[in-house]
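Notes to accompany the following structure.
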Amino acid sequence: MKFVLGFAVLMLPFAASAAFVNPMEFDGSEAQKQEVIEYIKVKVKADYCDGAVDMCQPTTLRMMEKQNLTAFKNLTKAKNKEILNKVIGDYCEGAFDMCTYATLDMMYKQNLKASGEQLSW
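Numbering-wise, the sequence shown is residues -18 to -1, 1 to 103 according to mature numbering (1 follows the signal peptide of the UniProt record, and there is no 0).
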């Protein structure tokens, strides 16, 4: 089991060969739009078709692609760059590849909310 997990972790960089586009650096050009779309398509296919769980159905793939594109668009409007940078670092540059725009958007929103809260009785 350790061998399989180790092999899967080593293969992650190859599975998502399309370049990640940082939403904070998105300039709206057609070239970057295509990069974002290609990254999303490759990442979704890797996650749902090439992973341990086989959920490789056209409906699932298109749904997740759309969700990730919507999340990317949301992230381009992020106000707190410090929180977004931290989320990108944690989920895209860490030991585990969880670098989907949907995950980043969800965690950005949660961290933004938590940053304004205080523990109280």
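By construction, the Cβ of each residue, glycine as well, lies at the ideal position given by its N, Cα and C atoms.
Since we're looking at a predicted model, the values are computed, not measured.
(1) Return the Cβ separation of THR82 and LYS25 in integer angstroms, given the expectation that the two are a contact with Cβ distance under 8 Å.
(2) For a test of the three-state rule: what should DSSP assign to GLY71, helix, strand or coil?
(3) Below 7 Å CB to CB, which residues in the same chain sit around ALA1 once its five sequence neighbours on both sides are set aside?
(4) Smallest Cα separation from LEU51: which of ASP79, GLN14, ASN62?
(5) Taking the alpha helix (DSSP H) that GLU12 falls in, what are its first and last residues?
(6) For VAL69 versus MET89, is the C-beta distance shorter than 8 Å?
(7) Restricting to Cα atoms, I'd like to know which of THR58, ASP29, ASP32, CYS31 is closest to GLY10.
(8) Does any residue of chain D have a CB that is nearer than 8 Å to the CB of SER11?
(9) Suppose the cutoff is 7 Å on Cβ atoms and the five residues either side in sequence are ignored; what does the same chain contact list for LEU43 look like?
(10) Using a Cβ-Cβ cutoff of less than 6 Å, which residues in the same chain neighbour ALA53 once the five nearest sequence positions on both sides are dropped?
(11) Which residues in the same chain as CYS38 place their Cβ atom closer than 7 Å to its Cβ, once the five residues preceding and following it in sequence are excluded?
Result, derived from the coordinates:
(1) The count along the sequence shown starts at 1 and reaches residue 82 at position 100. The count along the sequence shown starts at 1 and reaches residue 25 at position 43. Confirmed, Cβ separation roughly 6 Å.
(2) Translated into positions along the sequence shown, residue 71 becomes position 89. Helix.
(3) Taking the sequence shown and counting its residues from 1, the one referred to as residue 1 is at position 19. Around ALA1: GLU17, TYR21.
(4) On the sequence shown, residue 51 is found 69 positions in, with the first residue counted as 1. Closest option to LEU51, Cα to Cα, is GLN14.
(5) Along the sequence shown, one-based indexing puts residue 12 at 30. 12 to 31 is the span of the alpha helix (DSSP H), which, as asked, contains GLU12.
(6) For the purposes of this step, residue 69 is identified with residue 87 of the sequence shown, where counting begins at 1. For the purposes of this step, residue 89 is identified with residue 107 of the sequence shown, where counting begins at 1. It is a contact, given that the beta carbons lie within the stated cut-off.
(7) Working through the sequence shown from its first residue, we reach residue 10 at position 28. Comparing Cα-Cα distances from GLY10 to each of THR58, ASP29, ASP32, CYS31, the minimum goes to THR58.
(8) Of the protein chains in this structure there is only one, and it is not chain D.
(9) For the purposes of this step, residue 43 is taken as residue 61 along the sequence shown, with counting starting at 1. Within the same chain, LEU43 has close Cβ partners VAL26, LYS27, TYR30.
(10) Numbered from its first residue, the sequence shown carries residue 53 at position 71. If the five residues before and after ALA53 are omitted, its C-beta is found closer than 6 Å to the C-beta atoms of TYR83, ALA84, ASP87, all from its own chain and listed in chain order.
(11) For this step, residue 38 is matched to residue 56 along the sequence shown. Cβ within range, chain order: TYR30, CYS31.
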